Amino acid sequence: MITKESIQNKFTSIFQAEPIIVRSPGRINIIGEHTDYNDGFVLPAAIDKAVYIAVSKRDDELISLYAEDYKAVYEISLNAIAPTDLHWPNYILGVVDQIQKRGLLVGGFNLYIDGDVPLGAGLSSSAAVECATTLALSELFELNIPRLEIPKIGQLAEHTYAGVKCGIMDQFASTFGKKDQVLKLDCRSLEYEYVPLILDGYTIILLNTNVKHALGDTAYNKRVEQCKQAIDWVKEKYPEVVNMRDVSVSMLDEMVKDRDAEVYTKTRFVVEESERVHEACEHLKAGNLKALGQNLLESHHGLSQEYEVSCAESDYLVDFIKQFPEVLGARQMGGGFGGCTINLVKNNFVAALIEKISPEYFAKFGKELTVIQVKTDDGTSVL
Ligand code: GAF
């Protein structure tokens with residue numbers, strides 16, 4: 001188990017200094033997928049699996065990084081930072097770059113990173129790294145970065161250094177998550193409300209397909225472009241439209257449908273998914289879990305058949321649970337192309353479900369199915 005003490009000891013043994021330690025969690029998302037970069041709504045929560053970043057100042061201009069997961073060191077001079085072919089340093093260097101672009105001074109530093117967010121599972125380990133790094137450097141160099149800037153810096157770091165044109169959901173949930181709550185976030189105004197996650201007799205189970213999703217390598221950025229294309233076409237007649245958030249299905253019918261059937265189908269999904277967030281949130285507030293489960297299934301259908309960001313493994317898992325009345329709903333979660341499905345399962349059926357689904361999954365795909373049980377938790381903080 002990772003603790004403040006274990007991080008402290010490891011840091012001191014590597015860098016011979018006392019660190020500042022920051023914890024930033026991963027996230028789940030109940031519903032609202034691919035709506036964030038379209039200025040829509042999302043319903044995520046921070047989880048009890050997190051990234052830990054420990055930092056101390058150096059006397060020189062070097063950035064010295066150590067990643068526990070890879071047992072790897074990466075060093076670069078502060079004035080030479082640039083995106084690297086190595087994956088993991090980019091999330092940290094991207095944050096440093098954003099901080100420098102804001103005219104905030106950062107000196108050389110040591111940084112140690114560890115965590116228990118499963119990598120490539122769609123639980124936003126990269127956003128957690130970005131948010132933890134931002135707060136850690138803010139504390140170390142007394143930069144007083146306002147809390148609302150943490151997700152914005154993380155998102156831009158992802159755009160520029162990781163090459164993924166993501167929305168703000170993951171970084172926002174990691175920063176502002178709260179135990180026992182989901183966040184209903186308006187990704188345009190960044191206004192949000194906390195909604196208690198009360199799942200009377202039910203629980204959230206993540207089924208990890210163990211298909212590693214790599215957003216930069218997939219069609220994620222293409223989807224972002226397709227949404228932009230639709231906006232441009234809609235704007236020809238409706239100049240007041242700024243983003244997909246302002247677009248209705250009838251506008252898509254009128255301005256996009258005959259021009260590009262694929263762009264039409266995908267963007268109609270975005271409009272419908274954003275509306276589904278409001279609906280699902282009301283169901284959650286009313287304790288109507290059956291209806292919420294239905295929303296999850298509708299969302300998955302759209303993600304799979306319309307937005308085309310699912311994969312055979314996730315489709316199989318979602319299809320499989322439909323035979324059990326004890327599972328109210330499931331869907332591909334996060335950016336897609338693998339990672340986890342999120343499932344709403346009756347408490348006393350969890351063990352039976354796992355027993356039934358795991359061997360079937362292995363027989364079909366020759367891969368282990370990993371079950372991840374998560375609790376909601378608080379957002380980014382100094383330990
Ligand atoms: C990834 C992105 F990082 C988020 O911004 C969001 O678009 C999500 O995919 C899909 O909803 O996690």
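Quick note: the sequence shown, position 378, residue 378 per full-length UniProt numbering, numbers continuous.
All C-beta atoms, glycine included, are put in the ideal place defined by N, C-alpha and C.
Bear in mind that the values here come from a model prediction, so they are computed numbers and not experimental data.
Continuous beta strand (DSSP E) stretch holding residue i: start and end
i	result
V271	From DSSP, V271 is part of no beta strand (DSSP E) but of the alpha helix (DSSP H) over 261 to 286.
Q332	327 to 332
Y192	192 to 196
N343	340 to 346
K205	Per the sequence shown, the amino acid found at residue 205 is Ile instead of Lys. Residues 202 to 208.
Range of the contiguous alpha helix (DSSP H) that encloses residue i
i	result
Q373	Where Q373 is concerned, there is no enclosing alpha helix (DSSP H), although the beta strand (DSSP E) it sits in stretches over 370 to 373.
Y91	89 to 101
T12	4 to 15
L78	Unbroken run through L78: none, as it is neither H nor E.
D297	The residue you asked about is not Asp; residue 297 is Leu in the sequence shown. Residues 289 to 301.
L317	312 to 321
residue 391	Nothing about residue 391 can be reported from this structure: the residues present for the chain run from 1 to 383 only.
H232	A small correction: the amino acid at residue 232 is Asp; His does not occupy that position in the sequence shown. Note, D232: alpha helix (DSSP H), 220 to 237.
T35	Neither: T35 is in no alpha helix (DSSP H) and is coded neither H nor E.
I30	From DSSP, I30 is part of no alpha helix (DSSP H); its letter is neither H nor E.
One or two residues paired with residue i in a DSSP bridge
i	result
Q181	P196
E23	Contrary to the premise, residue 23 reads as Arg rather than Glu in this sequence. Looking at the DSSP assignment, R23 forms a beta bridge with Y52, S381.
S250	Paired residue(s): none; S250 is not in a bridge.
K71	None, per the DSSP bridge assignment.
Y66	V73, Y112
T160	In DSSP, T160 forms no bridge with anything.
V106	Note: V106 sits in no beta bridge, so no partner.
K57	F109
Residue i at chain B interface by Cβ criterion, 9 Å
i	result
P359	Within the model displayed, chain B is absent; a lone protein chain is all it includes.
Contact test: residue i Cβ vs ligand 3 heavy atom, cutoff 8 Å
i	result
R58	In the structure shown, ligand 3 is absent; the only ligands present are ligand 1.
query: If you measure from each residue's Cβ to the nearest non-hydrogen atom of ligand 1, which ones come out under 5 Å, in chain order?
result: E33, H34, D36, C166, G167, M169, D170, G334, G335
- prompt: Do the stretch 152 to 166 and the stretch 347 to 367 meet, that is, are 3 or more Cβ pairs less than 8 Å apart?
  reply: no
task: Check whether the stretch 49 to 69 touches the stretch 111 to 130, counting contact only when three or more Cβ pairs, one atom from each stretch, lie closer than 8 Å.
output: yes
query: Three or more beta-carbon pairs under 8 Å between the stretch 303 to 318 and the stretch 327 to 343, yes or no?
result: yes
- prompt: Does the stretch 271 to 288 touch the stretch 75 to 93, meaning 3 or more C-beta pairs lie closer than 8 Å?
  reply: no
task: Flag this pair as touching only if the stretch 234 to 241 and the stretch 364 to 375 have three or more C-beta atom pairs under 8 Å; answer yes or no.
output: no
message: Does the structure place the stretch 89 to 99 close enough to the stretch 26 to 42 that three or more beta carbon pairs sit under 8 Å?
response: no
query: On the three-pair Cβ rule with 8 Å, is the stretch 182 to 192 touching the stretch 124 to 139?
result: no
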